[in-house]
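Residue numbers for the sequence shown follow the working numbering, beginning at 2 and rising by one.
Each residue gets a CB set at the ideal place from its N, CA and C atoms; glycine is no exception.
What follows is a set of notes on a single structure, which appears directly below.
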Amino acid sequence: MERRKFLKQAIVSAAGSALIPGIVAGRSLWEEQPPLIIDTKVQGRTFSHFWSKCVGAGRAGEVLRTGSPWLEHLQLGQKHCGFQYCRLHGIFHDDMSVYQGGVYNWLRVDDVINRMLKAGVKPFVELSFFPREMAGGAATAYWWKANVSPPGDFSKWSQLVTNFAKHCIEKFGIGEVSSWYFEVWNEPNIRATWDGSKSQYFAMYKATAQALKTVSPQLRVGGPATSNFVGDGRFDGETEDKSKISVTAGDPEALKWKGVWIEDFLEYCKQQQVPVDFISTHPYPTDMPFNNGKGTLRGVDATLKDLQWLRAVVDKSAFPKAEIHLSEWGTSSSGRDAMHDALPSAAYIIKANVDSIGLADGMAYWNLTDSGEEGSGAQSFSGGNGLLNYQGIAKPAFHAYRMLHTLGDELLYNKDGIIVTRHKAGQRLTALVYNYPATLKTVPPFGGTDVAENTLKMGEAREFNFKLLNTNKDARFNVEILDRENGNALNALQQAGNPDALSGDQLRLMQLRAMAVREEQVLSNNTGILLIGKTLQPWDVMLIDETH
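Quick look at the structure:
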């Protein structure tokens, strides 16, 4: 499923620089609005592509279903977005048959891991949930009955983790397994997914970390994998105290948002001498999981602020070298949010990620695909949180990650909707430009199709005029435009008449159109100057990538 190759065009100005079609090019424009000047020979700041470190991809048991498109979708994500790791729920759930009658069985787990490795992706192992025989009670989560009641002691759990780690090393080798991440549980601060207390989770983390490190000190372990940041004290105690909820009152930005359990977790591990190789948490920029789904939209810079808080807490802790992983993140955690399918999500994803450069080691979008239970719906697009819908049709959010993956690894400029990078190998340039409307002070609102359509109408067009100095002489740059008409699967579906079901031919056409962004070419002049002048409508994204 490759992007359609459009006819390349270039318009050469009097200055000798090729300009993309549709710009207002003329002497008066540059005199009235002098372009921003960016010198591409300045010393760049090295940065990592933390946005492609990991992606969430549903539940382990879903991977093994006959006819599941999961592997194909993971291969697409790795190929186009560069995802290095994959995180799944429920590796120890009963449908994986890992523990029955005191006997360990790793056949299904091996199958899942082999499929990941086949796609060129490593496991970010979420150690969850309890096999039924180990659970301390009858509490379950989700329709598929994940066992979430902690036992009275964690001896059997420790033995399970030990056997699992030993098996993985025997099967895949210590060189491979030591490159994985082992995360303890999923959102234990939420009663639905952990029917226990904070202290019980900390005790389980200790038992798990010690089990892994006993097998090999090279294995990487982390937590606490807690959910959204909060602006109140509801999670300060052993369990959630709903009497302290205050986030829905007044101005959300006036509250002091903080991570859940993280400071207590770090202090506990210090006091108990428990290893912490990475900190993980899930700061979606809304309060949606709480308050019966009527959560509060946070400011557009919520993720940046959360990471700044997290970075400061880790730096002053006993574990300043611990990596920071947002092991779940997205515009919202809802599996029925029309914004996941819409164009505005792409501009927000790009903005939130490039604003956060240097603050995280991983920021895993949840979810790669709508092919699991959380994402699949009655229609082709039902607000599932996948980058791809069930049928493998790319959403604008998929393009956001594809374009982020195209960036270089040396940062030259990053401000006000423009990021310019250089590739250390080969010294070629790549830039991203996006129009996130200044009038919207929050993250894109969640809701139904009416909310998504109204959001698309927000904001004003914006002119981007800038000059890149000291590029390669007569260099060719490929330009991609993601907008309402191009790379937007919803628009393509509407043009097809919004059919309830897609025929085979319609599906293939939709897959092509969803990948077909608008493509053009520009050239720098013979003195190494590239002039860019382009008007972007609200939510549009433009990628400028030097080709050799």
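- Taking a cut-off of 8 Å on C-beta distances, the segment 357–366 touches the segment 46–54, as three or more cross pairs fall below it.
- Boundaries for Ile394: no beta strand (DSSP E) harbours it, and the DSSP string shows neither H nor E there.
- With three or more CB-CB distances shorter than 8 Å, the segment 122–137 counts as touching the segment 147–158.
- For Ser328, the uninterrupted beta strand (DSSP E) segment begins and ends at Glu324 to Trp330.
- Distance from the CA atom of Ser244 to the CA atom of Leu408, rounded to whole angstroms, is 46 Å.
- Inter-residue distance for Glu73 and Thr227 is about 30 Å (C-alpha atoms, whole angstroms).
- For Leu470 and Trp107, the gap between their C-alpha atoms comes out near 57 Å.
- One Cα belongs to Gly448, the other to Pro284, and the distance between them is close to 19 Å.
- Using a C-beta cut-off of 8 Å, the segment 390–398 makes contact with the segment 342–351, since at least three inter-stretch Cβ pairs fall below that distance.
- Secondary structure note for Arg463: its beta strand (DSSP E) is the uninterrupted segment Arg463 to Leu470.
- Between the C-alpha atoms of Val301 and Arg312 there is a straight-line separation of about 19 Å.
- His81 sits buried, since 16 or more C-beta atoms from the chains shown fall within 10 Å of its C-beta.
- Beta-bridge partners of Cys55 (DSSP): Tyr86.
- Nearest to Cys87 by alpha-carbon distance, out of Met117, Lys157 and Gln272, is Met117.
- Note on geometry: alpha-carbon atoms of Leu532 and Asn466 lie some 8 Å from one another.
- Distance from the Cα of Val222 is smallest, within the candidate group Pro124, Leu267, Val277 and Ile263, for Val277.
- Under the three-state reduction of DSSP, Pro124 is assigned to strand.
- C-alpha of Thr41 to C-alpha of Arg423: approximately 8 Å in a straight line.
- By the beta-carbon neighbour count (other beta carbons within 10 angstroms, threshold 16), Ile114 is buried.
- Counting only residues of its own chain and dropping the five nearest sequence neighbours on each side, Gly373 has a CB closer than 7 Å to the CB of Gly59, Arg60 and Glu63.
- Fully contained in the segment 272–316 are the following beta strand (DSSP E) runs of length 3 or more, in chain order: 279–282.
- By the 16-neighbour rule on beta-carbons within 10 angstroms, Asn527 is exposed.
- Within the same chain, and ignoring the five residues on either side of Trp71 in sequence, the residues whose Cβ sits closer than 6 Å to its Cβ are Val64 and Ser372.
- Separation of the CB atoms of Arg477 and Gln522 is rounded to 6 Å, and the pair is thereby assigned contact status at 8 Å.
- Judged by DSSP in its simplified three-state form, Met459 adopts coil rather than helix or strand.
- Boundaries for Ala502: no beta strand (DSSP E) harbours it, and the DSSP string shows neither H nor E there.
- In the three-state reduction of the DSSP assignment, Val216 falls in the helix class, which pools H, G and I.
- For Thr227, the secondary structure class from DSSP, reduced to helix, strand or coil, is strand.
- In the displayed model, Val43 falls within coil according to three-state DSSP, outside both helix and strand.
- Comparing alpha carbon positions, the residue from Val518, Gly505 and Asn479 closest to Asp546 is Asn479.
- Put simply, the segment 449–466 does not touch the segment 501–519. Fewer than three CB pairs are less than 8 Å apart.
- In this chain, the beta strand (DSSP E) harbouring Tyr182 covers Tyr182 to Val185.
- Sequence-distant partners of Trp258 (beyond 5 residues in either direction) whose C-beta falls short of 8 Å from its own C-beta, in its chain, are Phe230, Val231, Gly232, Arg299, Ala303, Lys306, Asp307 and Trp310.
- Judged by beta-carbon spacing, Trp262 lies beyond the 8 Å limit of Asn187, meaning their Cβ atoms are not closer than that value.
- For Asn479, the pairing in a beta bridge is given by DSSP as Gln522 and Asp546.
- For the pair Ala439 and Gly103, the Cα-to-Cα distance works out to about 59 Å.
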